[in-house]
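First up is the structure itself, then whatever we jot down about it.
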Amino acid sequence: MLLKQPSKTPDLYSSQVAPLVEKAMNGFNSTVFAYGQTGSGKSFTMTGHPAELGIIPCAVDGVFDAITVDMDRAFLLRVSYIEIYNETLRDLLNFKKNKDAPAIHTNKGKVYVEPLVEEIVSTPQDVMKLLSKGNEGRKVGATDWNDRSSRSHCVFTIVIESRPRDGDGDDDIRLSRLNLIDLAGSEKAVSDLERRGEGKHINQSLLALREVINKLTEKKRSHIPYRNSKLTHLLENALGGDSNICVICTISAEEEHASETLETLKFAGRCSQVETKAKKNLLSSERALIRAKDAEIDELKNRLQHLVSDGVRLDAPSSSSHVSEVSCNMLRQYRKLTIPAGRLRRRPRE
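Counting along the sequence shown from 1, when you hit position 285 you're at 285 in the UniProt record's numbering, and nothing is skipped either side.
This is the structure:
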């Protein structure tokens with residue numbers, strides 16, 4: 001979608017971002033990020049100002065508006081704010097500086113950051129206060145094109161957890177992440193030595209992002225180089241299909257920026273070819289886990305009883321190696337399930 005001047009950020013939010021916020025409220029991960037040259041309006045688009053709200057405050061209002069009208073579910077919201085500066089992660093909500101530097105970890109194919117402050121919030125004002133306070137610690141600096149340029153990538157995340165108010169829907173606990181990302185701008189060569197060093201890291205991470213997007217558009221995907229930068233590593237789950245994504249590309253109208261504008265438009269075209277298949281994230285409560293394991297145990301019991309009724313001895317080798325293998329596997333599954341199910345039942349209530 002192409003928005004022309006004098007389009008306003010709230011128009012962009014309503015048409016492109018609001019549907020992703022709605023999906024996030026229903027348990028689907030959603031990611032919005034702004035990409036473009038320094039000075040093209042990325043940070044303004046994401047944060048806005050009092051006269052014209054940006055994407056982030058619009059999304060925050062959208063989340064709380066959805067909570068207000070959904071009387072059937074109870075919600076718990078947490079927010080975090082991560083900065084990537086010169087390939088180093090910083091927790092912008094760790095105001096006391098009493099934790100180790102955050103690092104990216106992977107567990108069972110899922111990427112997460114630890115240690116990381118996640119603040120519980122209950123009003124839009126809570127969220128915006130944390131965003132504003134976090135922004136005070138963000139790295140900015142003057143460049144040849146922008147007096148106050150973002151020198152880092154920032155990921156502001158709202159974690160949305162909800163469950164039915166009636167308490168009966170133990171298997172309908174939803175947990176989703178709404179990632180709102182302001183990327184640092186792609187850079188030309190600059191005169192200032194410090195800005196030049198920052199620009200090198202910024203351009204390297206944006207190059208890694210472009211490489212990942214290029215790989216994701218290939219019909220026969222080879223290795224996806226997520227680990228080539230902290231940015232792409234952090235976004236691995238989102239870019240890899242675990243999230244609905246909206247990419248906002250900002251450009252400059254001046255002729256002197258024509259080459260950067262063309263590159264940004266090419267990037268936008270490639271992003272439009274990336275297919276994602278986000279799935280609803282459901283958490284199982286302890287009671288739901290017990291019910292699921294009991295159902296599996298009952299199924300295995302029935303299948304084992306059928307084997308016994310057919311004359312198969314479970315404690316001795318069968319004349320059929322296939323039957324023996326199947327029965328042994330079923331016994332192993334049965335024993336594996338009954339032990340954790342018993343532990344779940346005996347666990348004291350908190």
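No residue lacks a Cβ here, since even glycine has one placed at the ideal position from N, Cα and C.
Check whether residue i and residue j have beta carbons under 8 Å apart
i	j	result
I67	T9	no
R73	R210	no
P225	A208	yes
E87	K139	no
I245	T276	yes
L180	V274	no
T250	A34	yes
V111	L206	no
S162	L116	no
L93	E119	yes
K230	L89	yes
S186	E260	yes
Of the residues the options, the one placed nearest residue i, counting alpha carbons only
i	options	result
R177	Y35, G48, N302, A59	A59
K96	K110, K133, V79	K133
I202	L20, N228, I297	N228
Q125	F64, K200, E255, K4	F64
S78	Y85, E254, M128	A quick correction: the sequence has Arg, not Ser, at residue 78. Residue M128 is the option with its Cα nearest to R78.
L283	D242, I173, S186	I173
L175	V113, T123, F75	F75
S14	D61, F28, Q37, S40	D61
A24	T261, S243, E296, D298	S243
N- and C-terminal bounds of the alpha helix (DSSP H) containing residue i
i	result
T47	42–47
E69	It is Val, not Glu, that sits at residue 69 in the sequence shown. Counting along the chain, the alpha helix (DSSP H) containing V69 begins and ends at 55–69.
D310	No alpha helix (DSSP H) contains D310, which DSSP labels as neither H nor E.
S132	124–136
A268	258–271
Host beta strand (DSSP E) of residue i (start-end)
i	result
L178	173–182
D162	Just to set this straight, residue 162 is Ser in the shown sequence, not Asp. Start and end: 153–164.
S80	73–85
D91	88–91
V111	110–114
Below-8 Å beta-carbon distance, residue i vs any chain D residue
i	result
L235	Among the protein chains of the structure shown there is no chain D, as only one such chain exists.
Close-in-space but distant-in-sequence residues of the same chain around residue i (CB under 8 Å, 5 per side omitted)
i	result
I213	L239, F267, R270, C271, V274
T45	T9, L12, A34, G54, I55, I248, T250
Residues of its chain near residue i, where Cβ-Cβ distance is below 7 Å and the 5 sequence neighbours each way are ignored
i	result
G48	T9, G54, P57
A253	none
Close Cβ partners of residue i (< 6 Å) along its chain, the five nearest in sequence each way excluded
i	result
T232	A208, L209, V212, Y226
S309	none
Check: So does the region 256–271 actually touch the region 155–163, counting three or more Cβ pairs closer than 8 Å?
Finding: With a cut-off of 8 Å, the region 155–163 and the region 256–271 do not count as touching, because too few Cβ pairs lie within range.
Note to self: Contact between the region 43–54 and the region 96–108 is defined here as three or more beta-carbon pairs at a separation below 8 Å; is this criterion met?
What the structure shows: no
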